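Engineer: So that we are looking at the same thing, I have put the structure below in structure tokens.
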Amino acid sequence: MRLKNRLAIGVLSVAAMTSSVLLFPAGAAHAADPRIDLKVLVVSDGGSSVSAIEEQLQAEGVPHRTVDLNDANRPVINKAFLEDTVSGAPRAKYQAVVLPNADPFTEAAEMTALADFEKRFGIRQVDAYVYPNAAVGMNAPGFAGALDGTTAALSATGISGPFRYLKGPVRFDDNSPTVPESYAYLASPLPDNAAQGTRFEPYLTATAQGQTGTLAGVYTHDGRSEMVLTFAYNFNQWQFRTIAHGIVSWLTKGVHLGHNRNYFAVHVDDIFLPDSRWSTQHNCTPGEDCPAGVTTPDIRMTSADVTQAVNWQNQNGFTLDMVYNGAGSDEAVAQNGSDPLTTSMVSNRARFRWVNHTYEHPYLGCKQDTSVVPWRCETDAAGNVQYVSKTEIKDQITKNLSWGRGKGLSLGADELVTGEHSGLKILPQQPDDNPGLGPALNETGVKWTASDASRGKAQRPVGNALTVPRHPMSVYFNTATKQEMADEYNWIYTSRADGGSGICEDNPATVTCIQPLDQTTGYDSHIVPVDARITLSHIVTNDPRPHYVHQSNLTEDRILYPMLDRILADYRAAFAGNATLVNPRMSALGAELERQVTWRNAMNNVTAYVKSGEVTVQRPSGVAVPITVPEGTRDCSGLLGCLLGGPAYGVQYAGERSAYTGTSVLLDLPAGAMG
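Throughout the sequence shown, residue numbering follows the working numbering, covering 32 to 706 in sequence.
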């Protein structure tokens, strides 16, 4: 049988069948059927809209090729570029096409070749940003202007189709009252014409200045289907982020290589330790950058804060990761005879996930000379950097593990967060990792060690371990009240003339100066919505990197909760129940990041195509291939195939089935899935 041959040569095979009786397609009867390669063609003019779709393909791991219209040496889009013949059968080199508009070519022959190609093979096209007109099945626009702050609506067809993972409302960003952010045209579709075979299906509509019109829809004509978008956007805008996956699903007819999830995990560092408090009087943090003699009360959680954390988790269906330092508990017990915080945390230990943060939270990089600001690495007489020893690093890791196990905490010995991500290189003071860090991780069995994503988003090896970059959230470690947060935020983000540090003036390329926030209302009115937007931009880009805060943010004003409440509310207002937030522990997130990187590096060496209702994927040895298929797809790889029905393939998410597959499989797609 052909399946056995494929198994012998290590090829991954996925078959699409419309009959539950046939286990294997009759290949000989379809030898001349066209082959369609699973790769998307992106034709770019450098504009933000087409670039946004290209970035989405990259984020999901969908193979694609980009042709830059601004490149004088680009290939000509002609029949030879788009198709050829393989083993006697016609081949489409692309399964879908993304254009900046309905016809971006200066040479009419290129658009003619592309249109003929799409008709011949049933290829779909997206027009990333167009002016409504009859050529795309629309009347002239009734409105042209900014849609900032508008909420558009998905049609029932859109929600039941490619946007099945959304609830319906699509909110347009309005981040600045003075800058137009979302320019759009609203227009009505032309009437359908059955005799001519033209039809326009609206997917997204909005109303502005009394005019209601379409922002996105599918125009079917001349044997072709093109999705038309009539608003400008970029990759980071919420209105695009929410519909981006649906664009990919529509383009590929729901069958493509790639894997997409919305991840969100929150690590709470320094559990059991006290954190230093920001001085609102001196604009500094004792122990870090305050003059001698400046002190503030430390910040440490109470048992009541633990109760609140448990209640909040129960109310929101979300689990926090407690990143703990056992020394904080031991020191409190030594000073006071007991520690209510430890008692409460341990009694509720099963409610949280736990991560090793070292026993005492020491700095594990170079030995620091803090006599200067900023600090520098100590050196010996020969100028060699002096590092914390491997032995000390190992002791901090193993002692904290033992402490946690003694308290019955459920731990992964392969996970570690060092204090301040120390031991890893930090520029400019320490340009290299502590040479003892990698060996210490190896000898203690650590496979995943946290790093700071704001300093570097890329995962990298440290000894036998891999880093798990974490996104910092704008709830600072040295604040426990909203007033403290607004005060420190003002210090960082306002000019010297407004009483700030001037950091924003000195670094205009990376920091924007703002007007001072009201210290009573500024946290809720400005900081929460701004950082919630940033965090959501990570969540909805298939980014498995966790976020981190500190125990100080769970006490006193408990400033973390308004931030999380806003993030969860905004997400759940847009996304349906079939696209819940994925909230795993650190090791799973690290493994997913590694898997994504491996796939993106390998996908150009993978051959995948549809032929005779069958999808074949040829992969290098050891490469797991992500496959996304419609809901209802069954895995017929077992001994009895799908004679008895067959289990569902992969994992359900966003109304689809998907999984990374490293073995040969045979899948039964629902009837009409490739139509």
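The beta-carbon is built from N, C-alpha and C at its ideal position, and this holds for glycine as well.
Computed from a prediction, not measured in an experiment: that's the story for all the values here.
(1) Assuming contact is defined by CB atoms lying nearer than 9 Å, are residue 231 and residue 250 in contact in what I supplied?
(2) Any idea if residue 111 is buried or exposed, counting beta-carbon neighbours within 10 angstroms, 16 or more meaning buried?
(3) Quick check on this structure: which residue in 498, 406 and 491 has the alpha carbon closest to the alpha carbon of residue 449?
(4) Residue range of the alpha helix (DSSP H) that residue 433 falls in?
(5) State the CB to CB distance for the pair residue 114 and residue 123, rounded to an integer number of angstroms; the pair is presumed to be in contact (CB under 8 Å).
(6) What number of angstroms, rounded off, separates the C-alpha of residue 9 from the C-alpha of residue 699?
(7) Hey, quick one: how far does the alpha helix (DSSP H) through residue 357 stretch, first residue to last?
(8) Between residue 513 and residue 596, is the Cβ-Cβ spacing less than 9 Å?
(9) Cβ atoms of residue 602 and residue 711: under 9 Å apart, would you say?
(10) When DSSP builds the beta bridges, which residues end up paired with residue 579?
(11) I need the straight-line Cα distance from residue 177 to residue 260, nearest angstrom please.
(12) I need the DSSP call for residue 556, collapsed to helix, strand or coil.
(13) Count the CB pairs spanning the segment 301 to 310 and the segment 345 to 363 that are closer than 8 Å, and state whether there are at least three.
(14) Alpha carbon to alpha carbon, what distance is there between residue 284 and residue 44?
(15) Would you call the CB atoms of residue 203 and residue 183 closer than 9 Å?
(16) Mind checking which residues open and close the alpha helix (DSSP H) that includes residue 387?
(17) Determine the contact status of residue 200 and residue 605, defining contact as a CB-CB distance below 9 Å.
(18) If we require 3 or more residues per run, which beta strand (DSSP E) segments fall completely within the segment 262 to 338?
(19) Can you give me the start and stop residues for the alpha helix (DSSP H) that residue 81 sits inside?
(20) What is the DSSP secondary structure of residue 391, reduced to helix, strand or coil?
(21) Starting from residue 619, follow the beta strand (DSSP E) in both directions and report where the run begins and ends.
(22) When you compare each of 281, 266, 275 and 242 to residue 258 by their alpha carbons, which one comes out closest?
(23) Is there contact between the segment 324 to 340 and the segment 373 to 380, where contact requires at least three CB pairs shorter than 8 Å?
(24) Tell me whether residue 608 sits in a helix, a strand or coil according to DSSP, three-state version.
(25) Leaving out five residues on either side along the sequence, give the residues of the same chain with a beta carbon under 6 Å from the beta carbon of residue 455.
(26) Could you check which residue in 328, 325, 209 and 228 has the C-alpha nearest to that of residue 256?
(27) Do residue 660 and residue 23 have their beta-carbon atoms positioned less than 9 Å apart in this structure?
(28) Spatial neighbours of residue 79 within its chain, please: CB distance less than 8 Å, with the 5 preceding and 5 following residues excluded, ordered by chain position.
(29) Which residue's Cα is closest to the Cα of residue 543: 516, 207, 349 and 574?
(30) DSSP on residue 642, reduced to helix/strand/coil?
(31) Rounded to a whole number of angstroms, what is the C-alpha to C-alpha distance between residue 103 and residue 278?
(32) For residue 638, which residues of its own chain have a beta-carbon under 6 Å away from its beta-carbon, when the five flanking residues on both sides are left out?
(33) Can you look up residue 467 in the DSSP assignment and give me helix, strand or coil?
(34) Return helix, strand or coil for residue 592, following the three-state DSSP convention.
(35) Name, in chain order, the residues that DSSP records as bridge partners for residue 216.
(36) Taking the straight line between their C-alpha atoms, what separation do you get for residue 105 and residue 94?
Structural biologist: In short:
(1) yes
(2) exposed
(3) 498
(4) 421 to 437
(5) About 5 Å; that satisfies the 8 Å criterion.
(6) Residue 9 is absent from the model: the chain starts at 32 and stops at 706.
(7) In the DSSP assignment, residue 357 falls within the alpha helix (DSSP H) that extends over 357 to 367.
(8) no
(9) Within the shown structure, residues of the chain are numbered from 32 to 706, placing residue 711 beyond reach of any answer.
(10) 298 and 503
(11) 15 Å
(12) In this structure, residue 556 counts as helix in the three-state DSSP scheme.
(13) yes
(14) Confidence at residue 44 is low in this model, with a pLDDT of 45, below 50, so the placement of that residue is unreliable and no value is reported for it.
(15) yes
(16) Segment 384 to 387 is the beta strand (DSSP E) holding residue 387; no alpha helix (DSSP H) there.
(17) A distance below 9 Å separates the beta carbons of residue 200 and residue 605.
(18) 297 to 302
(19) 79 to 91 is the extent of the alpha helix (DSSP H) around residue 81.
(20) coil
(21) Note, residue 619: premise wrong, no beta strand (DSSP E); alpha helix (DSSP H) at 617 to 633.
(22) 281
(23) yes
(24) Note: residue 608 maps to helix in three-state DSSP.
(25) Hits under 6 Å: 464 and 482.
(26) Here the closest residue by C-alpha is 228.
(27) The first residue shown for the chain is 32 and the last is 706, placing residue 23 beyond what the model contains.
(28) If we look at residue 79 and ignore the five residues flanking it on each side, its Cβ neighbours are 263, 264, 265 and 266.
(29) 207
(30) strand
(31) 29 Å
(32) 649
(33) Of the three classes helix, strand and coil, the one that applies to residue 467 here is coil, per DSSP.
(34) helix
(35) 175
(36) Cα-Cα distance, rounded: 19 Å.
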